[in-house]
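>
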Ligand SMILES: [Zn+2]
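Numbering (my numbering), first residue to last: 182 to 348.
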């Protein structure tokens, strides 16, 4: 007799979709940064950009140039260097200004927010909306982190997160 798939119900007579998903899905390689990227302490829209950056899949100009002729491949945040993920999120003076301001209080929440807002500022400039300075981008990061921290239900008073929330 040939093998067949049978779905076994739980004791309460229901089928768990999560159990079905775990049976049928293909499992990819487990990466060391997965728990960092998918942490619940990160705003969901930040998680997505964070994930793309870890995968090296942000559509920076060096990647676009591989399949399309574009007139300018320089970074829109500083205009001085070719735009790549490494430059945009690290080497660029605009990015370094943001990173330096957060170096003392760096945590996972701020880390993802910085990546997200650098990418958002880059896109705002590329697509012709607004051009903001470091202080404006910084205030957006602080606002997002504060809003997220206020949603945490169990924030230990006196802890680092509590101090950040009040700041
Ligand atoms: Zn730059």
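Quick reminder that beta carbons are idealized off the backbone N, C-alpha and C, glycines included.
Tell me the DSSP bridge mates of residue 247?
As a working note, residue 247 is residue 66 in the chain shown. Answer is none; residue 247 lacks a bridge partner.
> Classify residue 347: buried if its beta carbon has 16 or more other beta carbons within 10 angstroms, exposed otherwise.
Against the chain shown, residue 347 aligns to sequence position 166. Here the model assigns residue 347 a pLDDT of 49, short of 50, so the residue's position is not dependable, and the following value carries that caveat. Looking at its Cβ environment, which holds fewer than 16 other Cβ atoms inside 10 Å, residue 347 is exposed.
> Bridge partners for residue 263 per DSSP, in chain order?
To locate residue 263, count along the chain shown from 1; it is residue 82. Residue 263 is bridged to 255.
> To the nearest whole angstrom, what separates the beta carbons of residue 243 and residue 265, a pair I think is in contact under 8 Å?
The residue given as residue 243 occupies position 62 in the chain shown. The residue given as residue 265 occupies position 84 in the chain shown. Right, their Cβ atoms sit about 4 Å apart.
> At a cut-off of 7 Å, is residue 261 close to ligand 1 when judged by its beta-carbon and the heavy atoms of the ligand?
Here residue 261 refers to the residue found at position 80 when the chain shown is read from its first residue. Residue 261: yes, Cβ under 7 Å from ligand 1.
> Which runs of the beta strand (DSSP E) fall wholly inside the stretch 183-243 and span at least 3 residues, in chain order?
Fully enclosed beta strand (DSSP E) runs of 3 or longer: not present.
> Is residue 298 near ligand 1, judged by its Cβ being under 7 Å from some heavy atom?
Within the chain shown, the letter at position 117 stands for residue 298. No, Cβ of residue 298 sits at least 7 Å from all heavy atoms of ligand 1.
> If you draw a straight line from the alpha carbon of residue 191 to that of residue 294, how long is it in whole angstroms?
Taking the chain shown and counting its residues from 1, the one referred to as residue 191 is at position 10. Taking the chain shown and counting its residues from 1, the one referred to as residue 294 is at position 113. Roughly 41 Å separates the two Cα atoms.
> Pop quiz: residue 205 and residue 297 are said to be a contact at Cβ under 8 Å. What is the actual Cβ separation, rounded to whole angstroms?
Within the chain shown, the letter at position 24 stands for residue 205. Within the chain shown, the letter at position 116 stands for residue 297. Their Cβ separation, rounded to whole angstroms, is 32 Å, which puts residue 205 and residue 297 out of contact at 8 Å.
> Between which two residues does the alpha helix (DSSP H) containing residue 332 stretch?
In the chain shown, residue 332 corresponds to position 151, counting from 1. Segment 315-332, the alpha helix (DSSP H) holding residue 332.
> Do you know whose CA, among 228, 319, 327, lies nearest residue 284's CA?
Numbered from its first residue, the chain shown carries residue 284 at position 103. Among 228, 319, 327, the Cα nearest to that of residue 284 belongs to 319.
> Can you name, in chain order, every residue of its own chain whose Cβ lies under 7 Å from the Cβ of residue 214, other than the five neighbours on each side?
Taking the first residue of the chain shown as position 1, residue 214 is located at position 33. Excluding positions up to five away in sequence, the list reads 235.
> Could you tell me the alpha carbon to alpha carbon distance between residue 305 and residue 201, rounded to whole angstroms?
Your numbering for residue 305 matches position 124 in the chain shown. Your numbering for residue 201 matches position 20 in the chain shown. Computed Cα separation, rounded: 41 Å.
> Go ahead and label residue 308 buried or exposed: buried means 16 or more other beta carbons lie within 10 angstroms of its beta carbon, across all protein chains shown.
Working through the chain shown from its first residue, we reach residue 308 at position 127. Exposed, because fewer than 16 other Cβ atoms sit within 10 Å of the Cβ of residue 308.
> Does DSSP classify residue 306 as helix, strand or coil?
Locating residue 306 in the chain shown gives position 125, where the first residue counts as 1. If DSSP states are grouped into helix, strand and coil, residue 306 belongs with the helices.
> Applying the criterion that 16 or more other CB atoms from any shown protein chain within 10 Å of the CB defines a buried residue, is residue 187 buried or exposed?
One-based indexing of the chain shown puts residue 187 at position 6. That one is exposed.
> Tell me the rounded alpha-carbon separation between residue 357 and residue 268.
Outside the displayed span of the chain (182 to 348) sits residue 357, for which this structure offers no information.
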